[in-house]
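As structure tokens, the structure follows; a few thoughts come after it.
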Amino acid sequence: MTETDDTTDERTDTTATAEGSDPADAPPDDQVPSEPRDADGSGSAQRVTLRRVLNVLGVLLLLAVVAPFVVYAVPGVVGADASFVVLSGSMEPAISAGDVVVVESVPPGAIAVDDVVTYSRSDEGATVTHRVIEVDDTGDERVFYTKGDANEDADQRPVPASALVGSVVLTIPYIGYVIQFVGTRTGFALLVVLPFGALLVTEVGSYLRRRRHGDGQATERESPAPVRTTAERDASTEAVAISSTDMLLTLGVLAAVLPYLGFVALQRESALSIGIAVGFGTAFALLAGVFISARLRERSQASGTRDSAVPDRPTAASDGGTTPEEER
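Counting along the sequence shown from 1, when you hit position 41 you're at 41 in the working numbering, and nothing is skipped either side.
Dropping the structure here:
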């Protein structure tokens with residue numbers, strides 16, 4: 001369709017010239033708005049769409065990487081109550097060492113044979129995740145007999161209902177290794193302090209560059225603005241609107257989640273929960289700063305545009321008449 005439009009334009013121009021129209025009346029080439037195109041003929045709208053798709057894919061990838069660690073640190077986001085790192089392979093192949101089990105507190109009466117439960121050993125203070133192979137209701141308290149899937153024999157001691165932590169509702173593979181590494185000083189520095197420090201430095205540098213760029217634009221407001229095509233104006237307006245909406249929505253989600261993350265960090269006092277709370281708090285502060293800065297810059301630019309759009313009042317010129325004193 002683009003080639004057809006161009007051909008039509010050429011025929012129209014040729015016809016107009018043949019009919020005797022003055023070519024000087026046509027606007028110069030540097031004032032005729034044209035759609036920006038790449039070497040392959042694609043317009044700026046395609047570049048904006050591709051950039052938006054890549055941004056969305058990047059956000060989805062980031063969420064996919066971060067979500068398992070958020071579930072471990074804050075199991076309440078999936079309706080659970082606790083989470084544990086599996087240290088042995090007694091439940092293989094269903095659950096392997098290095099996996100994370102997310103546990104929901106349930107009443108003892110809801111536990112049945114073949115359920116995978118987590119219970120605590122009172123003498124050792126450790127937790128065990130095994131499968132229920134038998135339930136005994138004959139005594140005063142319900143008792144469960146458990147066994148690891150990879151073990152040949154059942155556990156030696158039955159598990160009383162009072163020792164139950166809950167039933168396993170979700171297993172997240174492999175992230176237990178990362179969580180254990182984060183618990184060390186080296187891991188905490190590499191996986192928490194360093195990334196968020198780099199993010200902080202990057203955002204501060206970006207903010208300073210935008211501010212200097214805004215000051216430079218403010219000093220050049222008196223110069224005529226370049227002619228912008230319709231596609232460029234639409235792409236710019238759409239990008240600003242999407243960015244503002246996304247930032248506002250993200251700020252709302254962070255503001256709702258941050259208090260709970262802080263509470264969990266204070267209760268669990270683990271390196272991962274504290275790191276996630278600090279990371280979300282840092283992201284909230286940086287995003288809020290960027291959002292406020294963008295709003296202030298938009299208002300400043302809008303004010304400058306209104307000021308430059310007000311025309312100067314014409315000065316009254318003398319018509320060559322005489323004043324009453326001259327007539328006398």
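Where is the CB? At the ideal position from N, CA and C, for every residue including glycine. If you're wondering where the values come from, they're calculated on a predicted model, not measured in any experiment.
Three-state secondary structure (DSSP) of residue i
i      : result
Ser105 : coil
Pro173 : coil
Pro68  : helix
Thr138 : coil
Arg233 : With a pLDDT of 49 at Arg233, under the threshold of 50, the predicted position of this residue should be treated as unreliable, and no value is reported.
Ala79  : As written in the sequence, residue 79 is Gly, which differs from the Ala given in the question. Residue state, collapsed to three classes: coil.
Pro259 : helix
Gly187 : helix
Pro195 : helix
Val100 : strand
Val59  : helix
Val331 : Since the first residue of the chain shown is 1 and the last is 328, residue 331 is not available in this structure.
Val201 : helix
Val178 : helix
Val253 : helix
Gly125 : coil
Ala294 : helix
Ser206 : helix
Ala110 : helix
Ala302 : helix
Ala277 : helix
Ala288 : helix
Ala265 : helix
Close Cβ partners of residue i (< 7 angstroms) along its chain, the five nearest in sequence each way excluded
i      : result
Thr250 : Leu287
Pro108 : Arg142, Ala161 and Leu164
Leu261 : Val74, Ile276, Ala277 and Phe280
Ala150 : Gly89, Ser90, Met91 and Glu92
Reference residue i; option with closest CA among the options
i      : options                           : result
Thr118 : Ser90, Val182 and Leu248          : Ser90
Pro160 : Ser120, Phe69, Ser300 and Ala97   : Ser120
Val106 : Ser162, Val192, Gly139 and Tyr174 : Ser162
Asp115 : Val182, Val168, Glu141 and Ala67  : Val168
Ala285 : Phe263, Gln301, Leu248 and Ser273 : Leu248
Ala73  : Ala112, Asn55, Leu266 and Lys147  : Leu266
Ser273 : Ala189, Arg297 and Ile179         : Ile179
Phe84  : Leu60, Pro173, Asp137 and Val135  : Pro173
Gln301 : Gly275, His213, Ala283 and Phe263 : His213
Ala112 : Gly58, Ile95 and His130           : His130
Phe263 : Arg51, Arg157, Asp136 and Pro75   : Pro75
Asp81  : Leu57, Val257, Glu298 and Leu170  : Leu170
Gly279 : Ala94, Glu104 and Val70           : Val70
Val66  : Leu200, Tyr260 and Leu191         : Leu191
Thr282 : Gly197, Ser303, Arg295 and Glu298 : Gly197
Asp153 : Arg210, Gly187, Leu261 and Val132 : Val132
Heavy atom of the ligand GDP within 6 angstroms of residue i beta-carbon
i     : result
Val56 : The ligand GDP is not among the ligands present in this structure, which contains no ligands whatsoever.
Sequence-distant residues of its chain with Cβ nearer than 8 angstroms to residue i (five each side left out)
i      : result
Tyr207 : Gly289, Val290 and Ser293
Ala97  : Val86, Leu87, Ser88, Gly89 and Gly176
Val253 : none
Thr127 : Phe84, Thr118, Tyr119, Ser120, Arg121 and Val165
Val102 : Val71, Tyr72, Pro75, Val78, Ala80, Ala82, Ser83, Val168, Val169, Leu170, Thr171 and Ile172
Sheet register partners of residue i (DSSP bridge)
i      : result
His130 : Val117
Gly166 : Thr118
Val85  : Val100
Thr282 : DSSP lists no partner for Thr282.
Phe144 : Val135 and Val159
6 angstroms Cβ shell around residue i - same chain, five flanking residues per side excluded
i      : result
Glu134 : Tyr145
Ala110 : none
Pro158 : Val143 and Tyr145
Pro93  : none
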